[in-house]
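Shown next, in structure tokens, is the structure this report addresses.
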Ligand code: AMP
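Residue numbers (our numbering): 10 to 316.
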């Protein structure tokens with residue numbers, strides 16, 4: 010089995026300088042899952058299973074979006090109540106989302122149950138979600154290759170001890186630069202990364218820096234990659250999840266210990282796929298992307314780096 014993802018399935022309302030969207034299909038597991046499936050269809054051929062919860066209001070056409078991407082939805086529960094809602098806004102350079110409202114709804118009482126057929130995937134990816142729910146999924150699975158997680162500032166503020174505990178339990182951590190500084194209480198990003206890697210005893214720490222690209226600390230080696238330069242930013246929501254889902258797909262197709270070269274290739278693939286997500290509201294750009302357009306941008310990115 011390929012990748013198991015646990016995370017949010019959401020209805021997002023987003024305002025950016027490019028316009029607004031109401032009640033669009035979103036959530037960390039949605040973006041992560043669609044991204045993972047895109048790469049699996051075009052590059053690796055593995056599978057992805059989703060663990061999460063939606064409410065009775067979840068539209069059939071949105072379920073179809075997930076199913077037609079080839080996501081295995083056996084672990085997607087439908088509970089009494091409403092689907093998770095997130096409202097956010099972007100200003101200026103759109104570097105960071107301002108959270109206007111979070112309605113946990115069905116996530117408030119969610120107890121993730123990993124289907125028996127998904128308890129031994131190659132990669133377990135805990136997308137952004139309450140750290141104790143991420144922990145529950147880790148407790149029910151045994152990853153063939155590695156475990157990884159993504160998080161957000163909300164959990165650092167309200168659940169830091171649980172977050173540190175689950176970070177200690179995974180092989181690879183993805184966060185953004187502001188969160189790394191917040192966690193380590195150090196403004197210098199490289200110092201903050203070394204401190205966090207030590208505190209969580211992690212082999213691989215990946216820090217997303219928005220339009221400034223990505224920094225990774227892998228077994229003491231630092232990697233730095235730029236973002237794909239773009240003049241066309243509509244809605245950055247889900248970029249981080251797209252990035253992480255792509256990396257999960259890439260890592261699930263490998264074997265043995267993670268090498269620096271494999272990580273670099275994965276980060277490049279993830280960076281390029283994430284660059285599509287911000288070109289339209291919601292999941293539209295990711296869903297409409299075709300293989301040749303992706304390959305073309307990946308090639309242009311490689312040559313920009315001199316590869
Ligand atoms: P990103 O822009 O990649 O950091 O992720 C944005 C996505 O995360 C949106 O689709 C939201 O629905 C989802 N999201 C926002 N807040 C939370 C939260 N507290 N827990 C889980 N998912 C969230």
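Every residue, glycine too, gets a C-beta built ideally from N, C-alpha and C.
Span separating the alpha-carbon of residue i from that of residue j
{"i": "residue 191", "j": "residue 199", "result": "13 Å"}
{"i": "residue 180", "j": "residue 212", "result": "6 Å"}
{"i": "residue 155", "j": "residue 265", "result": "10 Å"}
{"i": "residue 167", "j": "residue 158", "result": "18 Å"}
{"i": "residue 153", "j": "residue 235", "result": "31 Å"}
{"i": "residue 175", "j": "residue 160", "result": "10 Å"}
{"i": "residue 30", "j": "residue 94", "result": "13 Å"}
{"i": "residue 15", "j": "residue 59", "result": "6 Å"}
{"i": "residue 117", "j": "residue 105", "result": "25 Å"}
{"i": "residue 21", "j": "residue 37", "result": "11 Å"}
{"i": "residue 184", "j": "residue 111", "result": "19 Å"}
{"i": "residue 206", "j": "residue 310", "result": "29 Å"}
{"i": "residue 202", "j": "residue 84", "result": "34 Å"}
{"i": "residue 81", "j": "residue 134", "result": "15 Å"}
{"i": "residue 131", "j": "residue 114", "result": "31 Å"}
{"i": "residue 279", "j": "residue 35", "result": "18 Å"}
Sheet register partners of residue i (DSSP bridge)
{"i": "residue 133", "result": "13, 156"}
{"i": "residue 20", "result": "34, 94"}
{"i": "residue 86", "result": "62"}
{"i": "residue 74", "result": "DSSP lists no partner for residue 74."}
{"i": "residue 25", "result": "28"}
{"i": "residue 233", "result": "224"}
{"i": "residue 108", "result": "97"}
{"i": "residue 80", "result": "57"}
{"i": "residue 216", "result": "184, 224"}
Any non-hydrogen atom of ligand 1 within 8 Å of residue i CB
{"i": "residue 9", "result": "It is not possible to answer for residue 9, since the shown part of the chain is limited to 10 through 316."}
{"i": "residue 139", "result": "yes"}
{"i": "residue 17", "result": "yes"}
{"i": "residue 323", "result": "A question about residue 323 goes unanswered here, because the residues of the chain that appear run from 10 up to 316."}
{"i": "residue 21", "result": "yes"}
{"i": "residue 28", "result": "no"}
{"i": "residue 302", "result": "no"}
{"i": "residue 285", "result": "no"}
{"i": "residue 106", "result": "yes"}
{"i": "residue 111", "result": "yes"}
{"i": "residue 277", "result": "no"}
{"i": "residue 310", "result": "no"}
{"i": "residue 121", "result": "no"}
{"i": "residue 245", "result": "yes"}
{"i": "residue 163", "result": "yes"}
{"i": "residue 134", "result": "no"}
{"i": "residue 36", "result": "yes"}
Top-ranked residue by Cα proximity to residue i, from the options
{"i": "residue 127", "options": "146, 92, 188", "result": "146"}
{"i": "residue 233", "options": "243, 246, 219", "result": "219"}
{"i": "residue 50", "options": "70, 79, 28", "result": "79"}
{"i": "residue 33", "options": "307, 311, 306, 290", "result": "290"}
{"i": "residue 296", "options": "20, 21, 22, 44", "result": "44"}
{"i": "residue 313", "options": "302, 263, 63, 281", "result": "281"}
{"i": "residue 75", "options": "26, 106, 269, 292", "result": "292"}
{"i": "residue 272", "options": "129, 224, 87, 202", "result": "224"}
{"i": "residue 250", "options": "137, 206, 92, 98", "result": "137"}
{"i": "residue 89", "options": "77, 56, 66, 288", "result": "66"}
{"i": "residue 144", "options": "177, 132, 221", "result": "177"}
{"i": "residue 19", "options": "150, 285, 41", "result": "41"}
{"i": "residue 148", "options": "254, 122, 86", "result": "122"}
{"i": "residue 97", "options": "252, 109, 259, 86", "result": "109"}
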